[in-house]
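K.L.:
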Amino acid sequence: DGPDKCKIRSMVNKLNLQNEVLFLGIQENIIPLLSISDVYMLPSESEGFGLSALEALSCEVPVIGTNVGGLKEVIENGKSGFIFNPEDIDSMSEAALRILSNADIRVKMGVEARKRAKLFDSKLIVPRYLKYYEKILES
1396 DGPDKCKIRS
1406 MVNKLNLQNE
1416 VLFLGIQENI
1426 IPLLSISDVY
1436 MLPSESEGFG
1446 LSALEALSCE
1456 VPVIGTNVGG
1466 LKEVIENGKS
1476 GFIFNPEDID
1486 SMSEAALRIL
1496 SNADIRVKMG
1506 VEARKRAKLF
1516 DSKLIVPRYL
1526 KYYEKILES
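If you read the sequence shown in our numbering, its first letter stands for residue 1396, the second for the next number, and so on.
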């Protein structure tokens, strides 16, 4: 779903890809879908923190995203996924094909993705923020 839904549906129909592309709509539980995914693409022109990318990484799914918002911090370029300029659709497509066509790369990046996601665990992040705030309050 989203603002380009109708445009994308038309493109799928025009390219006769109705049997290849599924429009699932809003999902309450994304984990089962991520767990069977080979790559997660997030070609955003604007993005906040990038929570959906972090969810994909935690399921060992390499992420192809853009260098906007928090995605630059979440995705480790070349290890847990790839980062591109939002307008560089060709490079994003090539990266997706590279991941999809090479199981070794896909598995290796998936393992790195999971490692990357663990760095954002609240059990690690919250104590660091608390120390930071304590240091500020002491000065």
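Just so it is clear, CB atoms sit at the ideal spot from N, CA and C, and this is done for glycine as well.
Since the structure is predicted, the reported quantities are computational estimates derived from the model, not experimental observations.
So for N1472, helix, strand or coil by DSSP?
P.N.:
strand
K.L.:
I'd like to check one pair, R1501 with S1475: are the Cβ atoms closer than 8 angstroms?
P.N.:
no
K.L.:
Excluding the 5 residues flanking A1451 on each side, which residues of the same chain have their C-beta closer than 6 angstroms to its C-beta?
P.N.:
L1429, Y1435 and V1458
K.L.:
How would you label M1406, buried or exposed, when you count the other beta carbons within 10 angstroms and need 16 or more for buried?
P.N.:
exposed
K.L.:
Determine whether the beta carbon atoms of S1441 and G1464 lie at a separation below 8 angstroms.
P.N.:
yes
K.L.:
Taking the alpha-carbon positions, what's the R1404 to F1477 distance?
P.N.:
26 angstroms
K.L.:
Report back the beta-carbon spacing between E1468 and A1508 to the nearest angstrom; my notes put them in contact at under 8 angstroms.
P.N.:
For a cut-off of 8 angstroms, the C-beta gap from E1468 to A1508 is around 14 angstroms, too long to register as a contact.
K.L.:
Is DSSP giving I1520 helix, strand or coil here?
P.N.:
For I1520, the three-state secondary structure derived from DSSP is helix.
K.L.:
Apart from the five residues on each side of it in sequence, which residues of its chain come closer than 8 angstroms, Cβ to Cβ, to S1439?
P.N.:
G1460, T1461, V1463, G1464, L1466 and P1481
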